[in-house]
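Following: one structure in structure tokens, then a few remarks.
Residue numbers (our numbering): 3 to 361.
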């Protein structure tokens with residue numbers, strides 16, 4: 003599908019966020035651009051502290067009080083019940099407007115641990131009905147009927163009986179299904195999934211991912227996945243944004259990122275994926291640690307950990323170099339004057355295996 007026929011849901015430009023801490027200001031987000039289109043899934047990947055969850059929380063309007071949005075726009079497009087299209091800049095929206103018009107209603111979020119999302123003192127049926135009653139003044143009887151249908155849609159057996167149960171009476175996988183039902187209650191146009199399967203065992207993880215994909219197909223909603231698990235990304239994403247030290251360092255289609263990665267950080271993330279066929283008996287880890295964002299970043303933030311770093315990396319931040327219409331990477335290695343550097347041979351072999359297996 004060409005960009006002309008794809009309908010944009012979200013457009014973030016030059017987002018910059020600082021957190022005030024006792025140690026000083028932390029420049030957590032340093033000029034992030036991202037795009038999301040209707041019915042598509044964007045995965046944002048990167049190590050802990052790269053800025054993935056902060057980006058998601060900004061879109062949801064649930065940033066901590068010690069945060070300051072220094073610059074940037076987050077344009078979000080949604081359709082009202084009467085069919086009119088609305089454009090809003092989420093970066094300029096107050097808490098009250100977020101609660102009334104966006105949170106849970108147009109944009110919903112599925113968090114990592116269902117127990118932190120659910121109220122342990124309230125029956126799950128009431129928790130699903132709450133959003134419908136708050137946002138749309140849905141009559142209680144109708145909200146109850148819809149809540150039972152939602153529990154059924156997310157694969158919970160005996161939904162009418164479950165309505166009266168409390169979160170502690172359900173398994174972890176069931177609780178996460180309830181959280182998804184709550185997220186879907188007001189028919190949002192954008193669903194943000196922040197590590198939605200991390201707290202669950204592997205078999206349940208796969209079922210939750212399948213459920214989210216099925217719901218997306220049925221409802222045509224757009225999804226942002228926040229994760230470090232590239233195995234999850236391979237299953238669910240259409241597009242991938244790789245994040246490092248508060249910036250997007252590579253973006254592309256799922257095939258471009260997995261089969262033709264260009265940034266050394268992306269090479270490291272892919273090399274660190276567990277692989278039964280690797281000749282190495284130890285799991286690869288990227289050397290060093292991410293930079294301390296209390297201090298200004300000079301040049302390329304990844305340079306100290308990059309064995310392919312050039313002298314210019316210490317002095318100048320690389321721009322986004324175009325690889326294709328959909329593929330960009332911020333590394334000086336893509337400059338026409340840079341020496342030719344190939345990805346590690348072990349990663350190249352792994353990519354060939356992934357191609358044969360059809361990912």
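Glycine included, each C-beta is placed from N, C-alpha and C at the ideal position. Bear in mind that the values here come from a model prediction, so they are computed numbers and not experimental data.
Heavy atom of the ligand ZN within 6 Å of residue i beta-carbon
i	result
residue 80	Judged by which ligands are present, the structure shown has none, so any question about the ligand ZN falls away.
Residue of the options minimising C-alpha distance to residue i
i	options	result
residue 107	97, 136, 43 and 117	136
residue 295	53, 42 and 128	53
residue 289	310, 276, 299 and 105	310
residue 13	89, 333 and 160	89
residue 101	269, 63 and 308	63
residue 268	238, 237, 308 and 300	308
residue 322	36, 180 and 10	36
residue 17	318, 72 and 166	72
residue 10	262, 81, 25 and 353	81
residue 44	138, 300, 238 and 97	238
residue 65	84, 19, 85 and 264	19
residue 87	61, 124 and 191	191
residue 355	260, 298, 265 and 266	260
residue 189	28, 83, 293 and 315	83
residue 163	264, 128 and 27	128
residue 264	345, 154, 97 and 315	345
residue 232	209, 23 and 270	270
residue 299	29, 7 and 8	29
residue 266	315, 297 and 285	315
residue 67	97, 85, 51 and 61	97
residue 61	27, 26, 85 and 15	15
residue 236	118, 24 and 357	357
residue 297	7, 8 and 26	26
residue 293	51, 328 and 341	51
For residue j and residue i, believed in contact at Cβ under 8 Å, the rounded distance
i	j	result
residue 38	residue 158	Not really, about 29 Å apart at Cβ, beyond 8 Å.
residue 274	residue 287	6 Å
residue 58	residue 193	With a Cβ gap of about 11 Å, residue 58 and residue 193 do not count as contacting.
residue 156	residue 213	6 Å
residue 258	residue 326	7 Å
residue 180	residue 126	5 Å
residue 330	residue 339	Between residue 339 and residue 330 the Cβ distance is about 18 Å, and since that is not below 8 Å, they are no contact.
residue 116	residue 215	So it is not a contact: roughly 19 Å between Cβ atoms.
residue 149	residue 165	6 Å
Beta-carbon proximity check, residue i vs residue j, cutoff 7 Å
i	j	result
residue 343	residue 335	yes
residue 183	residue 211	no
residue 47	residue 244	yes
residue 49	residue 240	no
residue 31	residue 248	yes
residue 21	residue 69	yes
residue 320	residue 332	yes
residue 40	residue 224	yes
residue 349	residue 272	yes
residue 122	residue 161	no
residue 277	residue 352	yes
residue 234	residue 256	no
residue 313	residue 301	no
Below 8 Å, can you find three or more Cβ-Cβ pairs linking the segment 190-207 to the segment 120-139?
Result no; under three Cβ-Cβ pairs closer than 8 Å.
Any chance you could list the alpha helix (DSSP H) runs of at least 4 consecutive residues sitting entirely within the segment 69-144, in chain order?
Counting only runs of 4 or more, we get 116-119 and 126-138.
Give a yes or no on contact between the segment 142-151 and the segment 221-237, applying the rule of three or more CB pairs nearer than 8 Å.
Taking 8 Å as the limit for Cβ pairs, the verdict is that the segment 221-237 does not touch the segment 142-151.
Under 8 Å, with one C-beta from each stretch per pair, do the segment 65-76 and the segment 86-99 reach the 3-pair mark?
At 8 Å Cβ cutoff, the stretches touch.
When the Cβ atoms of the segment 212-221 are set against those of the segment 250-261, are three or more pairs found closer than 8 Å?
Contact between the segment 212-221 and the segment 250-261 is absent: fewer than 3 CB-CB pairs across the two stretches fall below 8 Å.
Stretch pair the segment 201-209 + the segment 168-177: three plus CB contacts closer than 8 Å
By the Cβ rule, the segment 201-209 counts as touching the segment 168-177, because three or more pairs are nearer than 8 Å.
Runs of alpha helix (DSSP H) wholly within the segment 222-251 (minimum 4 residues, chain order):
Listed in chain order, they are 232-238.
As an exercise, report each continuous beta strand (DSSP E) stretch of at least 3 residues that is fully enclosed by the segment 185-213, in chain order.
Considered as a whole, the segment 185-213 harbours 192-196 as its complete beta strand (DSSP E) runs of no fewer than 3 residues, in chain order.
Complete runs of the alpha helix (DSSP H) confined to the segment 43-69 [at least 4 residues]:
Taken in chain order, the whole alpha helix (DSSP H) runs of length 4 or more contained in the segment 43-69 are 54-62.
At 4 residues or longer, and completely inside the segment 304-342: list those alpha helix (DSSP H) runs for me, N to C.
Counting only runs of 4 or more, we get nothing.
At which residue ranges does the segment 153-188 contain complete alpha helix (DSSP H) runs of 4 or more residues, listed in the order of the chain?
Within the segment 153-188, the complete alpha helix (DSSP H) runs of at least 4 residues are 161-164 and 174-186.
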